[in-house]
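Sequential numbering of the sequence shown, starting at 52, is according to the working numbering. Here is the structure we will look at, set down as structure tokens.
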Amino acid sequence: MREKLFFLSLLFVMTLMGSLEARPMNAVKDSCVIEVYAQGLPAGKIKLVGVYGDQNFLADSTVVDGSGHFSLRRKSPLASGFYYFLMPNGKNFAVLIDDHEQFFTLRTDAKDFVGTMKVEGCLNTELLYRNFQFQAVQDAELNQLANTLKTAPLASAEYRQAKERQEVLVVERKKHLEELYKTYPNSFFTKFKIAGQNPDIIEYRKANGDIDTVRQVASYRGRFWDGVDFSDERLLRTPVISNKLRRYVKEMIPQHPDSLIAVVDPFIRKVLPYKPYFKYFSNWIALQYENTKTTVMDGEAVYVHIINQFFTPELAFWDKPENLEKLRKHAWEMEASLMGRKGPDVVAKNQFGQDKRLYDIQSPLIVVFMFSPTCEHCQKEAAEVERIYRKWKDKGVDFYGIAVNTTDSEWKNFVKEQNFTFTNVFDPTNRAIYAKYYVDITPEMYLLNKDRIIVAKNLHANQLEQMFEKELKKMK
């Protein structure tokens, strides 16, 4: 039996050795080799950093020797996209590669990576540096002209000459790019650069001759994405898409929930057929207006809208149904307390065991003040809240305090210590306020007008009096 086992073991080893001998030593070939010769680059670790949307990630790493040479070798190819090599001295230089450009060489000088860059075997990186080098020649003069335009009088000859020269350089830059586009129409570089260009500004004028800025902005915004091919996922692996998206949402749309929803909803629907873009755009925009992450008054309305409309099992292909359910529940909990909606009524017991109804308050304005006794910010604002209440209680303002994340004794002690004289309630079961007035960070303050519509939220104590004056003035 022992001899038989030995024979089988020997047979297995011989078979394995035979298979190894039959397989060439280089059978597993490199799928990506990038050679870099950078004169004057100090020895150390090199990081290859990739881009996806607005995130950077470590794609690979290698080591540069004392002569400035390093080689990046990979068994799997790099995804098409924009990458940059991060040097030991903190400097970096970029490459733009397509999936078929996995073997190439770069030669440069560490004193001027861009100006001295020579590329062999990667057309898209070659075009990238051809463009970089052209722009570098212009940039010094353009910066000087920009300073002149800032300081010279508008009617001066100096200003006029600087403006004319600036326009000439801009035309030359456009011509340079157009020649590259025409020569290499199907290159990744061409797609990348066209996507990053801004549309021309079209001047629209009113009947009296004044510039119609509203129409001008709407026209510019409507053409802003014309150069982007949403069927090309490679662009998401460059900075161009995230830069455009941030500018489009944050700078070109008034930061008001209604205005934002009116623009971003059809914008997201436009990219529904292009799944990578739909996933990225819907997630990115929703996160910008998630509670605690937005400074826009009631930015949560944008978040709720996007979750309700696009984070469904039918559309949100990237997540599990159970995760989407939690997300949608979170949005539902916030929905009742969005601005412009009628503030929900609340009934809970005060510190004396009496039921106190929010809607029983007769004052034109009500502040719903949600606090936690252990919250440091609540402790700091408590005295100011009580002071404001006493000052305004005879001027048409009342307060309704709701304790959260506490215990009965802790809450009662806090109310007594802070000498609160306005209505205070607490429901240990949380049923009295669940899905009514959303709170994630205490203190949280909502302002209800005479019709009990939520007119302000996420307020600090130092903002209350200004809001009171504004709302009471409306009533007059």
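Beta carbons are placed, not taken as given, at the ideal position from N, Cα and C, and that holds for glycine. Everything numeric in this text was worked out from a predicted model, so none of it was measured.
* Asked: Around the Cβ of ARG211, are there at least 16 other Cβ atoms within 10 angstroms (buried) or fewer (exposed)?
  -> exposed
* Asked: Identify the residues that DSSP records as bridge partners of ASN175: which are they?
  -> Beta-bridge pairing links ASN175 to no other residue.
* To do: Starting from ASN464, trace the beta strand (DSSP E) both ways and give me its first and last residue.
  => Note, ASN464: premise wrong, no beta strand (DSSP E); alpha helix (DSSP H) at 459-468.
* What are the boundary residues of the beta strand (DSSP E) that ALA206 is part of? -> Note, ALA206: premise wrong, no beta strand (DSSP E); not H, not E.
* Check: VAL87 C-beta below 8 Å from any heavy atom of the ligand NAD -> Ligands are entirely absent from the displayed structure, and the ligand NAD is therefore not among its contents.
* Looking at C-alpha atoms only, which residue of PHE281, PHE332, GLU192, PHE465 is the closest neighbour of GLU427? -> PHE465
* Does the Cβ-Cβ distance between GLN402 and LYS467 come in under 9 Å? -> yes
* To do: Going by DSSP, name the residue or residues bridged to HIS120.
  => TYR88
* Mind checking ARG285: buried by the 16 CB within 10 Å criterion, or exposed? -> buried
* Can you tell me the Cβ-Cβ gap for LYS169 and ARG158, rounded? I've got them flagged as a contact below 8 Å. => 4 Å
* First and last residue of the beta strand (DSSP E) that includes PHE368? -> Note, PHE368: premise wrong, no beta strand (DSSP E); not H, not E.
* Asked: Alpha carbon to alpha carbon, what distance is there between GLU341 and TYR354?
  -> 6 Å
* **Pair within 9 Å by beta-carbon distance, GLY394 and ARG503** => yes
* Asked: Thinking C-alpha only, which one of GLY273, THR241, MET303, ILE304 is nearest ASP283?
  -> THR241
* Please name the residue or residues paired with LYS393 in a DSSP beta bridge. => ILE504
* Inter-stretch contact at 8 Å, needing at least 3 Cβ pairs: the region 400-416 / the region 361-376 -> no
* How long is the line joining the alpha carbons of GLY172 and GLY101, rounded to whole angstroms? -> 20 Å
* Asked: Quick one: Cα of PHE329 to Cα of ASP491, how far?
  -> 28 Å
* Check whether GLN267 and ASP316 have beta carbons under 9 Å apart -> no
* Asked: Going along the chain, which unbroken runs of the beta strand (DSSP E) with 3 or more residues stay wholly within the region 403-450?
  -> 406-408, 416-422
* **C-alpha gap between ASN198 and ARG216, whole angstroms** => 13 Å
* Would you mind working out which of THR474, PRO364, GLU522, ASP411 sits nearest PHE422, comparing C-alpha positions? => THR474
* Do the CB positions of PHE332 and VAL291 come within less than 9 Å of each other? -> no
* Assign LEU196 to buried or exposed, taking buried as 16 or more other Cβ atoms, counted over all protein chains shown, within 10 Å of its Cβ. => buried
* Asked: How many Å lie between THR457 and PRO479 at the Cα?
  -> 8 Å
* Residue from LYS487, TYR135, ASP449, GLN469 with nearest C-alpha to LEU515 -> ASP449
* To do: Excluding the 5 residues preceding and the 5 following ARG482 in the sequence, name in chain order all residues of the same chain whose CB lies nearer than 8 Å to its CB.
  => none
* Taking TYR529 as the reference, give the member of ALA89, HIS151, ASN182 with the closest Cα. => For residue 529 there is no data in the structure shown, the boundaries of the chain being 52 and 527.
* Asked: alpha helix (DSSP H) containing ARG273: first to last residue?
  -> The sequence given here places Gly at residue 273; Arg does not occur at that position. Run containing GLY273: 264-273, per the alpha helix (DSSP H) assignment.
* Asked: If you draw a straight line from the C-alpha of VAL455 to the C-alpha of TYR485, how long is it?
  -> 11 Å
* Have a look at the DSSP bridge pairing and note the partners of TYR135. => VAL100, ALA145
* **Proximity winner among MET138, ASP111, HIS307, THR176, relative to ASP149 (alpha-carbon distances)** => THR176
* LYS344, buried or exposed, once every other Cβ within 10 Å from all chains shown has been counted against 16 -> exposed
* By the 10 Å Cβ neighbour count, where 16 or more other Cβ atoms means buried, how is ILE319 classified, buried or exposed? -> buried
* Take ASN140 and list the residues in its own chain whose beta-carbon comes closer than 7 Å to its own, dropping the five residues that flank it on each side. => PRO93
* **Cβ neighbour criterion (16 or more within 10 Å) applied to PRO494** => buried
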